[in-house]
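Asker: Under our numbering, think of the first position of the sequence shown as 351, with each following residue one higher. Yeah, the Cβ is synthetic: ideal placement off N, Cα and C, and Gly gets one too. Quantities reported herein were computed from a predicted structural model and do not represent experimental measurements.
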Amino acid sequence: MDRMTAPDMAQSAEIDRTNGLLLRVAREHDRQAFVDLFHHFAPRLKSFLLKGGADAGLAEEIVQDVMVTVWRRAGSFDPALSAAGTWIFTIARNRRIDRLRQERRPEIDPDDPALVPAPVNAADEGMMIEEQSVRLHRAIRELPAEQAELLKMAYFQDKAHSAIAQESNLPLGTVKSRLRLALARLRKALDPAELGGGA
């Protein structure tokens with residue numbers, strides 16, 4: 351029988367705590383929970399962005415943008431799909447890529463290993479988050495095209511289901527059904543048992 355080490359237990363407790371805070375923001379628009387999330391994630395996000403090549407001013411702007419998005423889109427967080435940290439760092443990563451594109455830098459590949467910040471050590475939280483992000487993007491690429499496109503519109507472009515239905519000329523029920531199927535496939539693809547991490 352595997353025993354959890356003290357750092358594993360602390361990390362698990364921290365994940366549970368941040369998931370709980372984000373769910374309180376989603377369900378109750380709990381301002382104190384949001385403040386706690388901000389104090390927890392803002393310095394980590396800034397460090398992540400600085401390691402990724404952003405200057406201090408840009409890193410601050412992106413952190414603010416990410417946290418506003420967290421407040422507005424907390425309802426789309428699903429703890430069965432990812433941890434709060436993974437969800438928030440994915441938003442930060444996407445915002446960083448968007449900003450680089452806005453500055454008309456050369457087109458970048460979001461899966462380019464050069465964009466992954468160097469971990470401080472093997473247990474570094476950032477490394478774990480990046481690995482989960484890579485698995486998530488790989489799982490999205492393996493979805494049927496129609497599901498992947500709708501998923502990107504809903505979660506990466508922040509479009510409402512009704513707007514997606516109108517833009518894709520699909521009935522609203524079809525959009526919702528395809529999104530449910532896509533999320534179910536992602537959950538299965540990201541399940542530790544499916545990844546060989548199970549017993």
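Check residue 569 in the structure and name its three-state DSSP category.
Answerer: The question about residue 569 has no answer here: the residues shown for the chain are numbered 351 through 549.
Asker: Using a Cβ-Cβ cut-off of 8 Å (strictly less than) and excluding sequence neighbours within five positions of residue 434, which residues of its own chain qualify?
Answerer: Contacts found: 365, 368, 369, 371, 372, 387, 427.
Asker: Quick one: grab the DSSP three-state call for residue 426.
Answerer: In this structure, residue 426 counts as helix in the three-state DSSP scheme.
Asker: Could you tell me whether the Cβ atoms of residue 431 and residue 536 are closer together than 8 Å?
Answerer: Taking 8 Å as the Cβ cut-off, residue 431 and residue 536 qualify as a contacting pair.
Asker: Candidates 414, 378, 381, 383: which alpha carbon is nearest residue 393's?
Answerer: Per the Cα distances, 414.
Asker: Helix, strand or coil for residue 494, going by three-state DSSP, please let me know.
Answerer: Reduced to three states, the DSSP call for residue 494 is coil.
Asker: Can you tell me whether DSSP reads residue 512 as helix, strand or coil?
Answerer: Residue 512 falls in the helix class under three-state DSSP.
Asker: Going by beta-carbon coordinates alone, are residue 407 and residue 446 separated by less than 8 Å?
Answerer: No, these two residues do not count as a Cβ contact at 8 Å.
Asker: Label residue 497 either buried or exposed according to how many other C-beta atoms from any shown protein chain fall within 10 Å of its C-beta, with 16 as the threshold for buried.
Answerer: By the 10 Å Cβ count, residue 497 comes out buried.
Asker: Expressed to the nearest angstrom, what Euclidean distance is found between the alpha-carbon atoms of residue 380 and residue 390?
Answerer: For residue 380 and residue 390, the distance between alpha carbons rounds to 16 Å.
Asker: Buried or exposed: residue 546, going by 16 or more other Cβ atoms within 10 Å of its Cβ?
Answerer: For residue 546, the predicted model reports a pLDDT of 48, less than 50, meaning its position is unreliable and no value from the coordinates is stated.
Asker: List the endpoints of the continuous alpha helix (DSSP H) containing residue 531.
Answerer: That run of the alpha helix (DSSP H) goes 522-540.
Asker: Please classify residue 530 as buried or exposed, where buried requires at least 16 neighbouring CB atoms within 10 angstroms.
Answerer: Label assigned to residue 530: exposed.
Asker: What did DSSP end up calling residue 415 once you bin it into helix, strand or coil?
Answerer: In the structure shown, residue 415 sits in a helix (DSSP, three-state: H, G or I).
Asker: Just the C-alpha distance for residue 397 and residue 440, rounded to the nearest angstrom, thanks.
Answerer: Each residue's Cα considered, the two are about 14 Å apart.
Asker: Below 7 Å CB to CB, which residues in the same chain sit around residue 442 once its five sequence neighbours on both sides are set aside?
Answerer: Correct list, in chain order: 395, 398, 399, 412, 416.
Asker: According to the neighbour-count rule (16 or more other Cβ atoms, all chains shown, within 10 Å of its Cβ), is residue 450 buried or exposed?
Answerer: Looking at its Cβ environment, which holds 16 or more other Cβ atoms inside 10 Å, residue 450 is buried.
Asker: Return the first residue and the last residue of the alpha helix (DSSP H) that residue 434 is part of.
Answerer: Looking at the DSSP string, the run of the alpha helix (DSSP H) that includes residue 434 is 434-452.
Asker: So what does DSSP say about residue 361, is it helix, strand or coil?
Answerer: Reduced to three states, the DSSP call for residue 361 is helix.
Asker: Please state whether DSSP places residue 376 in a helix, a strand or coil.
Answerer: If DSSP states are grouped into helix, strand and coil, residue 376 belongs with the helices.
Asker: Kindly indicate which three-state DSSP category residue 387 falls into: helix, strand or coil?
Answerer: Three-state DSSP puts residue 387 in a helix.
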